[in-house]
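Structure first, commentary second.
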Ligand SMILES: [Zn+2]
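Residue numbers (the numbering used here): 5 to 259.
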């Protein structure tokens, strides 16, 4: 099991202190994956939880989920991942898989028959972004702030919402053996990855964001690799404070 030994018993407060708490939830041992198991999919399978999201928000949230899935699985994202290697030679997946080249990590997401699948995941609102078991059920939550960003007229602000959802979708990608998450954020064993700024779930979230900006025409395709570090903090997390810094149309790159 990929995540065996990670801090499953951490209290919720400790999980939230990590920013995105998704990393520390493993699927239960009872989960059995098999061909044709409709709990899993070769493509990301996130959907609005209509029992928990009001009708007024469903269309916008559904649009954000679709945009995030589409860019995460796009050929463009795979192509741009190779250009990241100069900045991020290796990115961290989880303690069992260790580090991989960005293109190889993205390749896992895109591969069929890799022994890895996306878990079907209902999405609702919560205090922050989180994916995993909440003690009762598997789900993804995002904050209202994320949907507010998606509804912004500024494409860079919107792209931050794509980043958050793409990052969370990566936590729905699980290994066939045991169902543990392929991409985690940290935890005690992964601390070196956080300090060195190479956490794959964040790097690829940023890559999805910047690829989406290129698809919108906000940045040039050749500038995607320079865009990625803008939203990646030295602490190994999402630099959300920069989401509104480019409304004047200036280049999306570190100065
Ligand atoms: Zn996370």
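Using N, Cα and C, we set each Cβ at its ideal position, and we do this for glycine too.
How about residue i: is its Cβ closer than 8 Å to a heavy atom in ligand 1?
i, result
"residue 267", "Any question about residue 267 goes unanswered here, given that the chain covers just 5 to 259."
"residue 133", "yes"
"residue 205", "yes"
"residue 89", "no"
"residue 63", "no"
"residue 172", "yes"
"residue 189", "yes"
"residue 2", "With the chain represented from 5 up to 259, any question about residue 2 goes unanswered, as that position is not in the structure."
Please report how far the alpha carbon of residue i lies from the alpha carbon of residue j, in whole angstroms.
i, j, result
"residue 115", "residue 207", "19 Å"
"residue 137", "residue 154", "25 Å"
"residue 241", "residue 203", "8 Å"
"residue 246", "residue 234", "8 Å"
"residue 224", "residue 103", "29 Å"
"residue 187", "residue 74", "19 Å"
"residue 84", "residue 62", "31 Å"
"residue 255", "residue 182", "44 Å"
"residue 216", "residue 239", "24 Å"
"residue 165", "residue 232", "14 Å"
"residue 152", "residue 80", "26 Å"
"residue 95", "residue 177", "16 Å"
"residue 99", "residue 111", "19 Å"
"residue 71", "residue 213", "10 Å"
Buried or exposed: where does residue i fall if 16 or more other Cβ atoms within 10 Å of its Cβ makes it buried?
i, result
"residue 189", "buried"
"residue 8", "Because residue 8 carries a pLDDT of 26, less than 50, the predicted location of this residue cannot be relied on, and the following value inherits that uncertainty. Flag for residue 8 reads exposed."
"residue 140", "exposed"
"residue 259", "exposed"
"residue 58", "exposed"
"residue 123", "buried"
"residue 60", "exposed"
"residue 253", "exposed"
"residue 218", "buried"
"residue 222", "buried"
"residue 119", "exposed"
"residue 205", "buried"
"residue 54", "exposed"
"residue 209", "buried"
"residue 133", "buried"
"residue 170", "buried"
"residue 251", "exposed"
"residue 184", "buried"
Using a Cβ-Cβ cut-off of 9 Å, state whether residue i counts as contacting chain C.
i, result
"residue 210", "In the displayed structure, chain C is absent; only one protein chain is listed."
Given 8 Å as the limit, is there contact between the region 157-164 and the region 87-99, that is, 3 or more CB pairs closer than that? no
I want to know whether the region 39-58 touches the region 118-133 - three or more CB-CB distances under 8 Å. yes
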